[in-house]
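Accompanying notes for the structure given below.
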Amino acid sequence: MSFRKCARTRRLTNSCPLEIQLLENRRLLAADITGKDPDNQLVIMPYAAPVDGGTVAVSVSSAGDITLIGDAKPNIVNVEIRGNAVVIDGAESTSFRLPGAVAQPSLEVPLPATVRSIHINLAGGADSLYVKVSSDATIARDVVVNLGSGDDSLILQVVNADLKINQNLTVELGAGNDFADIFVAEAGSLTANRDINVRAGSGDDTVVTGDDDYVDLDLLYNVEYFMGLENNSEIPLAQRIRAGRDFTVDLGAGNDRLSLLNAESGRNLSVAAAGGVDTLVASNLRSARNTSITDAEGVALQNLTAVGSLFLRGGSGSGRASLDRVAVNRLDINLGFGNDQLVLGEAVTVNVASSVNGGTGNNSAYSAKPQPKITFRRTTQTLTPVQSTELLISVLDQVAGNLRAPAGSSGITPFQVILAE
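The working numbering puts the first residue of the sequence shown at 54, with every later residue one more than the last.
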């Protein structure tokens, strides 16, 4: 089990003063045991002084509005919708207070007959939020999550349940270097009848949105696995994360990474990057209208279907894009500034006249088959098949590298310490 699998299956807790454990997770501290036998290693976790995780105000209105408001301290919050109750805790570091009551380390609040909305705002501080839905739930209006400023972590997990939001799902990560993982597993689904909006804000952010059953995230960044993902015709028509109208991800400023899997929009699907070096890995996407990707320096797309057009706009630096098993009505690509590279796989199909514009710089393109409906401008078709594979590897490695410990570090990131048992 990798750290990312570990992150998806553990509740958030405080790190204890001293932890000694067998390293069953062979990747969690891989940077510390290179060249050793991980099965026989003891790991001594560094001492961490107790953290004051602050107090979170909790309220449930008679109309069915559930609200959690954090403070400026590093709040650690677990929220689980389970049966007819919502269970809230934060280990020993964060306490929770109902109106007029004494703060408690945990709360179990009966759900109202109708849950009208859920609003979570953790304000400042390096916050960690884990939301789990393990039984069917319907939210009559909106679900809004705002982590505020600070280096924050979010896991939103729907497991063997259907979460239906009658209006919008909005996730705001705020300023800071943030991590967010929004996914479904087993027989789960997440549907917003209107829009899904994920806004990462400024900072170097990592966002994972997807389906734990369809793609093994431990293997996703292996180029052979990524290239061998199933054909469009074999993918179920109903995606596991669905927006009835628009599905929008805004990565904001910073060097950001996005993995977008098994998502569908009833209208448009959009990914917008901004300043910095941004990378997108995506598979099994569907949009009933258009799909657009803007300002990303590295793009790897597999299994994408759009009834309308796929718009791909490069950033201000040198970009790399690899597309395969892409079926759209029209392809409209402008790679922008810089020395850019583009690969179109054998299974890229378009219905009407389309264009690829390399923009300024020394640009190259490779198509695995003749594309009479696609006009190439400001590109030279000089990439070989081997070079096209190397390009895809470089994009996948850039995303995967965000999950590795930085050079010279202890191999333990703050998020890993929080999650360590």
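Even glycine gets a Cβ: it sits at the ideal position worked out from N, Cα and C. Nothing here was measured: the structure is a model prediction, and the numbers come from that model.
- Runs of the beta strand (DSSP E) lying entirely within the stretch 153-225, each at least 3 residues long, are 159-163, 170-174, 181-186, 190-192, 196-199, 206-212, 215-218 and 222-225 in chain order.
- For residue 450, the secondary structure class from DSSP, reduced to helix, strand or coil, is helix.
- DSSP lists no bridge partner for residue 399.
- Positions of the alpha helix (DSSP H) runs, each at least 4 residues long and wholly inside the stretch 251-336, are given as 276-280 in order along the chain.
- Taking the C-beta atoms as reference points, residue 377 is found no nearer than 7 angstroms to residue 361.
- Rounded to the nearest whole angstrom, the C-alpha separation of residue 186 and residue 122 is 20 angstroms.
- Residue state for residue 439 is assigned as helix, using DSSP reduced to three classes.
- Under the three-state reduction of DSSP, residue 151 is assigned to coil, being neither helix nor strand.
- Under the Cβ criterion (8 angstroms, minimum of three pairs), the stretch 192-201 counts as touching the stretch 225-238.
- Looking only at 159, 301, 148 and 137, the smallest Cα-Cα distance to residue 168 is reached by 137.
- With respect to the C-alpha of residue 277, the residue from 344, 106, 447 and 139 having the closest C-alpha is 447.
- Closest option to residue 338, judged by alpha-carbon separation, among 327, 329, 350 and 312: 312.
- When DSSP states are grouped into helix, strand and coil, residue 444 belongs to the helix group.
- Distance check between residue 321 and each of 298, 190, 166 and 414 places 298 closest, using alpha-carbon atoms only.
- Spanning the alpha carbons of residue 126 and residue 211 requires a straight line of approximately 27 angstroms.
- Taken through DSSP and simplified to helix, strand or coil, residue 118 comes out as strand.
- Burial check for residue 281: the Cβ neighbour count within 10 Å stays below 16, so the residue is exposed.
- The residues 122 and 199, in chain order, have a CB closer than 6 angstroms to that of residue 174 in the same chain once the five nearest residues on each side in sequence are set aside.
- By the neighbour-count definition (other C-beta atoms within 10 Å, threshold 16), residue 272 is an exposed residue.
- For residue 433, no beta strand (DSSP E) run applies, since DSSP gives it neither H nor E.
- Counted as a single uninterrupted DSSP element, the stretch harbouring residue 388 is not any beta strand (DSSP E), since DSSP gives it neither H nor E.
- Annotation: the continuous beta strand (DSSP E) that includes residue 135 extends over 129-135.
- Contact check for residue 326 and residue 349: beta-carbon distance about 5 angstroms, within the 8 angstroms limit, so the pair qualifies.
- Apart from the 5 residues on each side of it in sequence, residue 404 sits with its Cβ closer than 6 angstroms to the Cβ of 382 in its chain, given in chain order.
- Each residue's CA atom was taken as its position, placing residue 225 and residue 293 some 21 angstroms apart.
- Under the three-state reduction of DSSP, residue 124 is assigned to coil, being neither helix nor strand.
- Apart from sequence neighbours up to five positions away, the residues of its chain that approach residue 420 with a beta-carbon distance below 6 angstroms are 397, ordered along the chain.
- Just so you know, the alpha carbons of residue 166 and residue 113 end up roughly 12 angstroms apart.
- Sorting 401, 386 and 439 by C-alpha distance to the C-alpha of residue 416 places 386 at the top.
- For the pair residue 365 and residue 195, the Cα-to-Cα distance works out to about 30 angstroms.
- Going by C-alpha positions, residue 104 is about 19 angstroms away from residue 141.
- Taking residue 253 as the centre and dropping the five residues before and after it, the same chain places the C-beta of 226, 231, 260, 303, 304, 305 and 309 closer than 7 angstroms to its C-beta, in chain order.
- Taking C-alpha positions only, residue 242 is separated from residue 184 by approximately 15 angstroms.
- 317 is the residue among 418, 258, 279 and 317 whose C-alpha sits nearest the C-alpha of residue 244.
- Looking from the CA of residue 206, the closest CA among 130, 164 and 418 belongs to 130.
- Residue 279 and residue 197 have their C-alpha atoms spaced approximately 32 angstroms apart.
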